[in-house]
Amino acid sequence: MGAARQRVWEERGDFEAPRPGEGRERVYVKPSSPFTSGNLHMGHVRDYSIGDAYARFRRGRGDAVLFGFGFDAFGLPAELAAIERREPPAEWVAECGERMLGQMKRLGFSFDYDRVFYSSDEGQYRWSQWLFLTLLERDLIYRDDATVDWCDTCQTTLASIQVEDGRCWRCHNEVRLIRRPTWFLRITPYLEENDRNTPLLESGGKWDELSLATQRYILGRADGVEVDLAASDGRSLTAFTPHRRFAGLARFVLLSPRHPQIDAWVSDPAVREELERMRSGGWERSARDARSVPILDTGAAVAGPGGGELPVVVSPLVDARFGPTAALGIPAVDEADRDLAARLDRVGPEGAAEPQPEGAEGGPEPAPAPSAREATRYRANDFSISRQRSWGTPIPVIHCERCGPVPVPESDLPVVLPRDIAPTGEGNPLAESPDFVDVECPACGGAAKRETDTLDCHFDALWLWVPAAVPPEARAEEMFTHPDLAKWLPAERLVAGNDSGGFVFDQRIVTKALRDAGPFAFMAEGEPFAGCLFHEMVISEGRKMSKHLGNVVDPDALVAEHGADTVRLAVLYAAGPAKTLNWSDGASRFASRFLRNLWSHTHECLQALEELAPDEEAAADTEHLRDRLRKWCENGLARITADVEALQMHKAVRNITRLFERIQDFEKRVVKRRGSLGRADAEAQLAALVLLARTLVPFAPHTAEALLVAAGVDEGAESVGRWPETAEIPVAPAPAA
Ligand SMILES: [Zn+2]
Ligand SMILES: [Zn+2]
316 MGAARQRVWE ERGDFEAPRP GEGRERVYVK PSSPFTSGNL HMGHVRDYSI GDAYARFRRG
376 RGDAVLFGFG FDAFGLPAEL AAIERREPPA EWVAECGERM LGQMKRLGFS FDYDRVFYSS
436 DEGQYRWSQW LFLTLLERDL IYRDDATVDW CDTCQTTLAS IQVEDGRCWR CHNEVRLIRR
496 PTWFLRITPY LEENDRNTPL LESGGKWDEL SLATQRYILG RADGVEVDLA ASDGRSLTAF
556 TPHRRFAGLA RFVLLSPRHP QIDAWVSDPA VREELERMRS GGWERSARDA RSVPILDTGA
616 AVAGPGGGEL PVVVSPLVDA RFGPTAALGI PAVDEADRDL AARLDRVGPE GAAEPQPEGA
676 EGGPEPAPAP SAREATRYRA NDFSISRQRS WGTPIPVIHC ERCGPVPVPE SDLPVVLPRD
736 IAPTGEGNPL AESPDFVDVE CPACGGAAKR ETDTLDCHFD ALWLWVPAAV PPEARAEEMF
796 THPDLAKWLP AERLVAGNDS GGFVFDQRIV TKALRDAGPF AFMAEGEPFA GCLFHEMVIS
856 EGRKMSKHLG NVVDPDALVA EHGADTVRLA VLYAAGPAKT LNWSDGASRF ASRFLRNLWS
916 HTHECLQALE ELAPDEEAAA DTEHLRDRLR KWCENGLARI TADVEALQMH KAVRNITRLF
976 ERIQDFEKRV VKRRGSLGRA DAEAQLAALV LLARTLVPFA PHTAEALLVA AGVDEGAESV
1036 GRWPETAEIP VAPAPAA
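According to my numbering, the sequence shown holds residues 316 to 1052 in order.
Have a look at this one:
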């Protein structure tokens, strides 16, 4: 049945996004962009089952729906898989994509498959390069010889989003900080706007709590006060504290190693050398707590807001709390500051006394600083976007000894990544390829070298939500200028795993940058997603799935055993999106039984109808029961519709199964009263079952559409895919007078 329905959909072209015309609501449902790993996992099945149900629902209501995605195909996972298999990453990526698309089709996901793209395609990464140049020109990308997160195992720098609790996102080894020239994305100019917009997103009602929480967490907003502190030689330093009532109790000032004025405070050559060592020697991320984090006394001091001299101390601890700023150290009320004070001899013995929480009994008297101003700091900060790997978007920059780094002219894009590079896991094949490296300087014409770092795939992802909104044939010329963009964007809903918060945060930043640069001026608020639903992960046997634990659930095997609809229904039914889904066979048994019962019940009802003649007296006798059935149907439909609108698919599925119970209950009551169903009863029951099947289409489309066709509904997408507006239960003929 599955394959036959899928053929019908393909022949009808159900999933093609219509040309966005006027008069219809346009709905872009954006699913997550899978890595080309080669296999869908259960998290994908969860993601796409939610998004697909919503897309089918909106189509069923007559809206113009775009449900499209592309593969996040560059990056380390593909490169490492290619190394293991000794084949070029481009081939591996193509194989994986084909396989995963096959899996998606077997599950019946209604993507516009003609719009699928790969971030590693030339036509695609040409625009990643364009984005790089656009941001570079606006000073939102810069090169700095700076501290970056580095993974020894993967031999690569990492974006901040790839570091989880001080560990590499991929290999989970501890990450350390080193110093090397790298490219940065400057996000700080837009942090305040991201902050300001979050309540707007919330009031729109289409962002769920989980996704909003990730945006707040990544932003890391701290409110407090700031004070200007003067040194005896006239230099001045602005320091922040969240403890606004206790600023006068400050004992020292903590300076980020990335503070914009760091050089002015570290002038002593010996201290400077020590700072350099602190930055380049690298320290373990795990040492980032106040008892062991590196600290460096600059020897300088400033006048404290409550009198006395405050030593100026450099430590990365301030970054982890308030970003690249300066902060007052107030040991009397702050635990971390107390631990630092204990390690600083200049602070004095009382600096290290047990801190008292603000407002605690016997705690310190408030000592606000009279000159303090209200202030806010954000922990989110610029991050590295380049890496020393060959499977990535080449950075469109040429290094010339005379001119320095020179952007590649836009007319020379794309800078093509050689398709045959075969990484070995050591070094960087791009750097070892003279054809790629040796070029003319676009500025002076002299001999120059191409940048051999590539862009981290996090950079590609900054705009992975854009291409699906552009017809494939127009992408070469009009990726950021096509008129359809203004029609589909912002996306009505993003559905993604809750580990996507960092991607979304940075996509929101880049949208604002592209609004200010011109192409996205039509998105005045600079928000790419009007709505966002994050879901938790899928685990099994109470644990994260892993080959090592042998508890990996394979979607292919499930589909082969139970059929696509059962798997989709079970994944949706088993847990609400905000809850971790602990996969069990119970859910698929439940879903399978429900679908089987619905199938046989509907067919029995159809058969009964063939044999029943109208009987007015019998009809009159059970009219009150049919009335009741009609009310149940009206009620059920209203609830299911509201659930799907809110993307609470688990509730929708529960209400569908409940409505089925009510329909069965109706039959029982009629049989109890009259011994068997009359024609009017069977007609009402069939109408109720048709209604039920219609609400089931978004969740179990193969079974639901087959049921509708069996019940005599027309094959066309407008007929079988139509979402019911009202419960169409026939009213019984008036009893004969
Ligand atoms: Zn690693
Ligand atoms: Zn030059």
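Beta carbons are placed, not taken as given, at the ideal position from N, Cα and C, and that holds for glycine.
Helix, strand or coil: how does DSSP classify residue i here?
i	result
residue 617	strand
residue 640	coil
residue 767	coil
residue 780	coil
residue 730	coil
residue 534	helix
residue 360	helix
residue 871	helix
residue 450	helix
residue 387	strand
residue 754	strand
residue 345	strand
residue 625	strand
residue 487	coil
residue 466	strand
residue 905	helix
residue 634	helix
residue 762	strand
residue 912	helix
residue 984	helix
residue 1052	Legend: pLDDT at residue 1052 = 43, less than 50; position of this residue unreliable, value from coordinates given subsequently. Residue 1052 falls in the coil class under three-state DSSP.
Taking all protein chains shown into account, do 16 or more other C-beta atoms lie within 10 angstroms of the C-beta of residue i, making it buried, or fewer, making it exposed?
i	result
residue 970	buried
residue 837	exposed
residue 551	exposed
residue 318	exposed
residue 896	buried
residue 708	buried
residue 704	buried
residue 717	exposed
residue 613	buried
residue 488	exposed
residue 449	buried
residue 939	exposed
residue 747	exposed
residue 788	exposed
residue 762	exposed
residue 672	exposed
residue 292	Residue 292 lies beyond the stretch modelled for the chain, which goes from 316 to 1052, so this question has no answer here.
How big is the Cα-Cα spacing for residue i and residue j?
i	j	result
residue 721	residue 642	37 Å
residue 776	residue 418	23 Å
residue 359	residue 634	35 Å
residue 615	residue 654	21 Å
residue 679	residue 562	12 Å
residue 1012	residue 998	21 Å
residue 387	residue 436	10 Å
residue 821	residue 538	22 Å
residue 802	residue 451	28 Å
residue 1035	residue 377	12 Å
residue 701	residue 886	38 Å
residue 504	residue 1019	50 Å
residue 399	residue 460	33 Å
residue 769	residue 847	30 Å
residue 873	residue 830	45 Å
residue 277	residue 943	Nothing about residue 277 can be reported from this structure: the residues present for the chain run from 316 to 1052 only.
residue 590	residue 463	15 Å
residue 879	residue 947	29 Å
Does the distance between the C-beta of residue i and the nearest non-hydrogen atom of ligand 3 fall short of 7 Å?
i	result
residue 721	With respect to small molecules bound, the structure shown includes ligand 1 and ligand 2 and not ligand 3.
For ligand 1, list every residue whose C-beta falls under 7 Å from any of its heavy atoms, going in chain order.
466, 468, 469, 483, 485, 486 and 488
Complete beta strand (DSSP E) runs within the region 694-718 (minimum length 3 residues, chain order):
712-715
Counting only runs that start and end within the region 537-603, where is the alpha helix (DSSP H) found for 4 or more residues in a row?
Within the region 537-603, the alpha helix (DSSP H) runs of at least 4 residues that lie entirely inside it are, in chain order, 577-580 and 584-596.
Suppose only complete runs of 4+ residues qualify. What are the alpha helix (DSSP H) ranges in the region 809-845, listed by chain order?
816-832
4 or more residues per run - each alpha helix (DSSP H) lying fully within the region 936-979:
938-960
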